[in-house]
Amino acid sequence: MSQIADFLIPILIFSSISIMIVLLTIVNYRRVKKLTKIFQNQAHNRNGIIKTGFFIYFPSLEFEYHHNKVKVYAIPGGKNSSSSTRIIVDFKYPTHQNMVIYRERFASNIKKKFGMQDIALNVDYFDEEVIVKGSDELYIKKILTFGLQEKILGIINKYNAYICLENYSLEIYVPKVLYDESAYDELISTTLTLIKKVKGIDDI
522 MSQIADFLIP ILIFSSISIM IVLLTIVNYR RVKKLTKIFQ NQAHNRNGII
572 KTGFFIYFPS LEFEYHHNKV KVYAIPGGKN SSSSTRIIVD FKYPTHQNMV
622 IYRERFASNI KKKFGMQDIA LNVDYFDEEV IVKGSDELYI KKILTFGLQE
672 KILGIINKYN AYICLENYSL EIYVPKVLYD ESAYDELIST TLTLIKKVKG
722 IDDI
């Protein structure tokens with residue numbers, strides 16, 4: 522009897538692991554398929570391109586906006602990294618400005634960097650929910666109009682977004698992978714408005 526058990530136990534363990542791998546692969550494949558469809562729609566709407574990986578690798582989206590490259594990533598995470606959704610803008614020319622915007626509970630341990638200071642916009646509903654740090658208070662108050670504040674507050678409340686502007690780049694970070702097309706619409710729309718404000722484009 523013990524010999525049969527010794528023979529069966531490794532088989533059962535191997536079978537269980539195999540089934541788990543197959544199920545995880547199927548789930549991941551469905552997620553990739555859904556994301557690919559979302560990114561295809563976004564690429565069509567924005568004259569962009571998507572880069573698709575093989576089978577279970579998550580896609581990415583790239584397009585240009587007013588000569589600035591916009592890249593959208595869905596990152597599933599792994600053993601040493603967490604999942605996230607990221608929109609990264611590479612500016613053609615430097616902004617010479619630094620700014621971070623985040624929910625107070627999201628990153629209370631962020632240290633002051635680049636000589637940034639806490640900035641209050643004197644708008645109660647915004648200042649109570651959001652922390653703004655920057656290197657130039659007048660510049661930040663100028664670009665963060667009421668309309669843009671509403672967009673930023675929306676993505677922070679819904680997706681716990683974190684925004685970082687650093688001279689040559691702008692990033693919007695969400696600490697999970699999003700699978701809703703309306704979420705990408707909202708994040709990209711906020712990103713494009715930020716680009717226009719940061720670069721002084723007047724067609725808002």
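So for the sequence shown, our numbering puts the first residue at 522; every next one is plus one. Glycine residues also receive a C-beta, built at the ideal position from the N, C-alpha and C atoms.
Cα-Cα separation, residue i to residue j
i, j, result
"residue 622", "residue 567", "26 Å"
"residue 590", "residue 688", "14 Å"
"residue 593", "residue 682", "14 Å"
"residue 602", "residue 562", "28 Å"
"residue 585", "residue 693", "16 Å"
"residue 708", "residue 700", "13 Å"
"residue 557", "residue 564", "10 Å"
"residue 573", "residue 596", "13 Å"
"residue 714", "residue 551", "32 Å"
"residue 684", "residue 553", "25 Å"
Close beta carbons around residue i, own chain, < 6 Å, minus the five adjacent residues each side
i, result
"residue 720", "none"
"residue 652", "623, 625"
Residue i and residue j closer than 8 Å at C-beta
i, j, result
"residue 607", "residue 677", "no"
"residue 662", "residue 638", "no"
"residue 583", "residue 569", "yes"
"residue 571", "residue 560", "yes"
Simplified DSSP assignment, three categories, for residue i
i, result
"residue 641", "coil"
"residue 665", "coil"
"residue 647", "helix"
"residue 675", "helix"
"residue 614", "coil"
"residue 584", "strand"
"residue 656", "coil"
"residue 682", "coil"
"residue 625", "coil"
"residue 544", "Unreliable placement is indicated for residue 544, whose pLDDT of 47 sits below 50; the coordinate value is still reported in the next sentence. Reduced to three states, the DSSP call for residue 544 is helix."
"residue 589", "strand"
"residue 705", "helix"
"residue 602", "strand"
"residue 699", "coil"
"residue 562", "helix"
Beta-carbon separation (whole angstroms), residue i vs residue j, contact threshold 8 Å
i, j, result
"residue 697", "residue 605", "7 Å"
"residue 690", "residue 609", "6 Å"
Spatial neighbours of residue i in its chain, beta-carbon cut-off 7 Å, leaving aside the 5 residues before and after
i, result
"residue 647", "670, 674"
"residue 686", "616, 618, 619, 620, 719"
"residue 665", "642"
"residue 657", "618"
"residue 613", "588, 589"
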